[in-house]
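Chains as they are written, first to last, in our numbering: chain Y, 1 to 401; chain C, 1 to 220.
Note that the Cβ used here is the ideal one computed from N, Cα and C, for glycine as well.
Since this is a predicted model, take the numbers as computed values, not measurements.
A quick write-up on the structure given underneath.
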């Protein structure tokens, strides 16, 4: 029997039971489309985070207090608190040859008010260096002045959103705002920008690190951002940081230095795992669709008992009848998978229109495996009905028993 | 052509063993026109199914065209059915979603006959049974007599040696029934061996040879 005859026979049979065929195709299409949509959500999240990280610049090292690694065993009962990082530590780091720029980050939340308007926002204490490290742009005025890190000058820079909320369209430059119990003069407004990894500066006040420390009454620094001179000396810069801080902390290694790569690869691993598990969840619907195909083909084998008897009488051997039935279930799953592919990719395009910032992109492996699993389940679950059909007794089948 | 040698076939019906065929010995020569008659349950259809290789035998040997069929594999049995035997059924057994021409082409399609040759043979069959204008009608658009003619065309399009007809007139009115029998007899005239199962004595007695059956036995 020619292959195109087999396929034509399958299509005729599918056409003969239209409602059932359409419902099965729908189930398969939904299965494949859900795999594509869910994995592209996961993959999109991964790409989104990766993009956010790369906007930080590639030579960046982040220093945080405390060791992040665990070496097992009980933590000491006395409670070993890591030494805080201080502005003096930050200044000490500037001495390293491999380090180009250093800036401290002090964060906290405080109410900011101007006249009757008040708003609780995030306060970022830092230095002029943040401007180039984060590649910020000013809408008005200037950023924090280049000055001694420990000087707590009463100036501040407002984020775009905060400026709008407090001042509307009026220029805030030169105006005095109250930040917690502290008064400072507005010297600049940041340009509107996208969200930069956990630091949304658009609704915040940026002030000198020392001013922020005074405001929150602390001596410590939340993070230190370090820019190495080049990509090649990243490792040396990291070693310098560890050495300098150890010397200042009486021989204790109580800091963690993260490079962007380390952060990136961690997020990459987490989000890739997320994508896989989303794909796995969606694959369950493919399995359900496969079982539905089995169901439909079993019904078809029962309804077409007489036809199977006839095929046998006309000289079709067992394996030919199996072939006919398997082709039918393969066609069902294949067409369903293709429809799902079109539907899933189309939905991706539509979502992309509505959320242009978020990259909806199904990974290639998801496309292939969705279609592959669809075909595989179609064939696997088509096997049982096909065997059932092929093993019918022709005499009984012909008499409709 | 057909030689049954002490053939038996029993069925389990509930607790009872029923003898479909009980030690039947029979020989039918090529080109013969045989009608098999008897009351229902006498084993006529079982005999026909056995000759058509649709049913397995419990005992005895069945030689078709000089070959012992009792030792053939499933694949060889299917091949023999395809090449040597044509079936005509009481309820036609046409596939409802296929047109008349496609139904007739079905055994050729299954056998993997090439497209052009298939069309040619189907057209010849359609013409000889004066069905040419009905080629693209589906079975539900045909009358009973036309349906049975399509079924006969399907049975003979493979040029079988033996044509087995199980109550071919059972679902037809008298006129169409006679017409169908005329067609079968004409085919027999052309050389095909014709076995006709019927309980209509008037039709049955038109055959050259009549086999009477009772309780699975052939009556002398």
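Worksheet item: Can you list, in chain order, the residues of its chain whose CB lies under 6 angstroms from that of residue 275 of chain Y, leaving out five sequence neighbours each side?
Response: Locating residue 275 of chain Y in the first chain gives position 275, counting from the first residue. 39, 42 and 43.
field: Beta-carbon proximity of residue 173 of chain Y to residue 155 of chain Y, cut-off 8 angstroms
entry: The residue labelled residue 173 of chain Y in the question sits at position 173 within the first chain. The residue labelled residue 155 of chain Y in the question sits at position 155 within the first chain. Result no, Cβ atoms of residue 173 of chain Y and residue 155 of chain Y do not sit closer than 8 angstroms.
- Do you know offhand how far residue 52 of chain Y's Cα is from residue 353 of chain Y's? The count along the first chain starts at 1 and reaches residue 52 of chain Y at position 52. The count along the first chain starts at 1 and reaches residue 353 of chain Y at position 353. Between the C-alpha atoms of residue 52 of chain Y and residue 353 of chain Y there is a straight-line separation of about 20 angstroms.
**Q.** Other residues of its chain near residue 21 of chain Y: CB distance less than 6 angstroms, five sequence neighbours each side excluded
**A.** Within the first chain, the letter at position 21 stands for residue 21 of chain Y. Excluding residues within five positions, the ones whose Cβ falls inside 6 angstroms are 14.
| task | Please report the Cβ distance between residue 63 of chain Y and residue 241 of chain Y, rounded to the nearest whole angstrom; I am assuming they are in contact, meaning their Cβ atoms lie under 8 angstroms. | result | Along the first chain, read from residue 1 onward, the residue named residue 63 of chain Y stands at position 63. Along the first chain, read from residue 1 onward, the residue named residue 241 of chain Y stands at position 241. Correct: roughly 6 angstroms between the Cβ atoms.
| message | Taking 8 angstroms as the threshold (C-beta atoms), are residue 198 of chain C and residue 163 of chain C in contact? | response | Translated into the one-based positions of the second chain, residue 163 of chain C becomes position 163. Translated into the one-based positions of the second chain, residue 198 of chain C becomes position 198. No Cβ-Cβ contact shorter than 8 angstroms links residue 163 of chain C with residue 198 of chain C.
### Query
Helix, strand or coil: how does DSSP classify residue 96 of chain Y here?
Position 96 of the first chain, counting from 1, holds the residue named residue 96 of chain Y. In this structure, residue 96 of chain Y counts as coil in the three-state DSSP scheme.
In chain order, what residues of the same chain have a beta carbon less than 6 angstroms from the beta carbon of residue 173 of chain C, not counting five sequence neighbours either side?
In the second chain, counting from the first residue as 1, residue 173 of chain C sits at position 173. Excluding residues within five positions, none has a Cβ falling inside 6 angstroms.
Going by DSSP, what residues sit across from residue 276 of chain Y in a beta bridge? Along the first chain, read from residue 1 onward, the residue named residue 276 of chain Y stands at position 276. Looking at the DSSP output, residue 276 of chain Y shares a beta bridge with no other residue.
*Proximity test, Cβ basis, 8 angstroms: residue 20 of chain Y and chain C*: The residue given as residue 20 of chain Y occupies position 20 in the first chain. Chain C, which has no Cβ nearer than 8 angstroms to the Cβ of residue 20 of chain Y, makes this no.
task: In the DSSP assignment, find the unbroken beta strand (DSSP E) run with residue 63 of chain C in it and report its ends.
output: Taking the second chain and counting its residues from 1, one reaches residue 63 of chain C at position 63. 59-64 is the extent of the beta strand (DSSP E) around residue 63 of chain C.
Mind pulling the chain C residues with CB within less than 7 angstroms of residue 322 of chain Y? For this step, residue 322 of chain Y is matched to residue 322 along the first chain. Residue 322 of chain Y does not reach chain C, its nearest Cβ partner there being about 12 angstroms away, counting only Cβ pairs nearer than 7 angstroms.
ask   = Among residues of its own chain, excluding the 5 on either side of residue 402 of chain Y, which ones have a beta-carbon nearer than 8 angstroms to its beta-carbon?
value = Any property of residue 402 of chain Y remains undetermined from this structure, which presents chain Y solely from 1 to 401.
ask   = What alpha helix (DSSP H) runs, 4 residues minimum, are completely inside the segment 124-199 of chain C?
value = Runs of the alpha helix (DSSP H) lying entirely within the segment 124-199 of chain C, each at least 4 residues long, are 144-156 and 174-189 in chain order.
Check your understanding: Got a sec? Which residues, its chain only, sit under 7 angstroms from residue 70 of chain Y by beta carbon, not counting five neighbours each side?
Key -> Numbered from its first residue, the first chain carries residue 70 of chain Y at position 70. Because residue 70 of chain Y carries a pLDDT of 49, less than 50, the predicted location of this residue cannot be relied on, and the following value inherits that uncertainty. Sequence-distant partners of residue 70 of chain Y (beyond 5 residues in either direction) whose C-beta falls short of 7 angstroms from its own C-beta are missing from its chain.
So that I know if they touch, is there some Cβ in chain C lying closer than 8 angstroms to that of residue 15 of chain Y? Within the first chain, residue 15 of chain Y is the residue found at index 15, counting from 1. Closer than 8 angstroms to the CB of residue 15 of chain Y there is at least one CB belonging to chain C.
### Query
Given a limit of 7 angstroms on CB to CB distance, which residues of the segment 293-309 of chain Y reach chain A?
In summary, chain A is missing from the structure at hand, where the protein chains are Y and C.
Would you report the Cα separation of residue 291 of chain Y and residue 328 of chain Y, rounded to the nearest angstrom?
-> Here residue 291 of chain Y is taken as the residue at index 291 of the first chain, counted from 1. Here residue 328 of chain Y is taken as the residue at index 328 of the first chain, counted from 1. A straight-line Cα-Cα distance of about 15 angstroms links residue 291 of chain Y and residue 328 of chain Y.
| field | Under 9 angstroms by beta carbon: chain Y residues contacting residue 58 of chain C | value | For the purposes of this step, residue 58 of chain C is taken as the residue at position 58 of the second chain. Going along chain Y, no residue has its Cβ under 9 angstroms from residue 58 of chain C, so there is no contact; the nearest lies around 14 angstroms.
Same chain, Cβ closer than 7 angstroms to residue 249 of chain Y, five either side skipped, listed in chain order = Here residue 249 of chain Y refers to the residue found at position 249 of the first chain. Excluding residues within five positions, the ones whose Cβ falls inside 7 angstroms are 83.
* **Under 7 angstroms (Cβ pairs) to chain C, residues found in the segment 313-338 of chain Y** => Across the segment 313-338 of chain Y, CB contacts with chain C closer than 7 angstroms involve 313, 314, 315, 316, 317, 318 and 320, in sequence order along the chain.
Q) Which partner residues of residue 156 of chain Y appear in the DSSP bridge assignment? A) Within the first chain, residue 156 of chain Y is the residue found at index 156, counting from 1. Assignment of beta-bridge partners to residue 156 of chain Y by DSSP yields Y:186.
_Counting C-beta neighbours from all protein chains within 10 Å, is the total for residue 186 of chain C 16 or more, i.e. buried, or is it exposed?_
Here residue 186 of chain C corresponds to residue number 186 of the second chain, with the count starting at 1. Under a 10 Å Cβ-count criterion, residue 186 of chain C is classified as exposed, with fewer than 16 other Cβ atoms of the shown protein chains found around its own Cβ.
Worksheet item: Looking at C-alpha atoms only, which residue of Y:293, Y:304, Y:192 and Y:270 is the closest neighbour of residue 381 of chain Y?
Response: Locating residue 381 of chain Y in the first chain gives position 381, where the first residue counts as 1. Out of Y:293, Y:304, Y:192 and Y:270, Y:293 has the C-alpha closest to the C-alpha of residue 381 of chain Y.
What do you reckon, are the CB atoms on residue 47 of chain Y and residue 361 of chain Y nearer than 8 angstroms? Residue numbering aside, residue 47 of chain Y sits at position 47 when the first chain is read from its first letter. Residue numbering aside, residue 361 of chain Y sits at position 361 when the first chain is read from its first letter. The answer is yes: Cβ separation under 8 angstroms.
Determine the burial state of residue 167 of chain Y: buried for a count of at least 16 other Cβ atoms within 10 Å of its Cβ, exposed for fewer.
Walking along the first chain from the start, residue 167 of chain Y turns up at place 167. Buried, since its Cβ has 16 or more Cβ neighbours within 10 Å.
Using 8 angstroms as the threshold, is the segment 101-114 of chain Y in touch with the segment 125-135 of chain Y, meaning 3 or more CB pairs across them? The segment 101-114 of chain Y is in contact with the segment 125-135 of chain Y.
Quick check on residue 315 of chain Y: buried or exposed, where buried means 16 or more other Cβ atoms within 10 Å of its Cβ?
For this step, residue 315 of chain Y is matched to residue 315 along the first chain. Burial call: buried.
query = Which class does residue 129 of chain Y belong to by DSSP, given the choice of helix, strand or coil?
reply = The residue labelled residue 129 of chain Y in the question sits at position 129 within the first chain. Correct three-state label for residue 129 of chain Y: coil.
Problem - Environment of residue 355 of chain Y [buried if 16+ CB atoms lie within 10 Å] - result: Walking along the first chain from the start, residue 355 of chain Y turns up at place 355. Exposed, by the Cβ-count rule.
Quick one: using the 10 Å Cβ neighbour count with 16 as the cut-off for buried, is residue 6 of chain C buried or exposed?
-> In the second chain, the residue the question calls residue 6 of chain C occupies position 6. A residue is called buried when at least 16 other Cβ atoms come within 10 angstroms of its Cβ; residue 6 of chain C does not meet this threshold and is exposed.
How is the beta strand (DSSP E) around residue 65 of chain Y delimited, first residue to last?
-> Within the first chain, residue 65 of chain Y is the residue found at index 65, counting from 1. Annotation for residue 65 of chain Y: the continuous beta strand (DSSP E) segment containing it runs 60-65.
Cα-Cα separation between residue 341 of chain Y and residue 272 of chain Y, rounded to whole angstroms: The residue labelled residue 341 of chain Y in the question sits at position 341 within the first chain. The residue labelled residue 272 of chain Y in the question sits at position 272 within the first chain. Cα to Cα, residue 341 of chain Y sits roughly 21 angstroms from residue 272 of chain Y.
inquiry  = Could you check whether the segment 367-374 of chain Y touches the segment 16-28 of chain C, counting it as contact only if at least three pairs of C-beta atoms, one from each stretch, sit closer than 8 angstroms?
reply    = Contact fails: fewer than three Cβ-Cβ distances are below 8 angstroms.
### Task
Determine the closest residue to residue 288 of chain Y out of Y:100, Y:377 and Y:387, with distance taken between C-alpha atoms.
Translated into the one-based positions of the first chain, residue 288 of chain Y becomes position 288. Answer by Cα proximity: Y:377.
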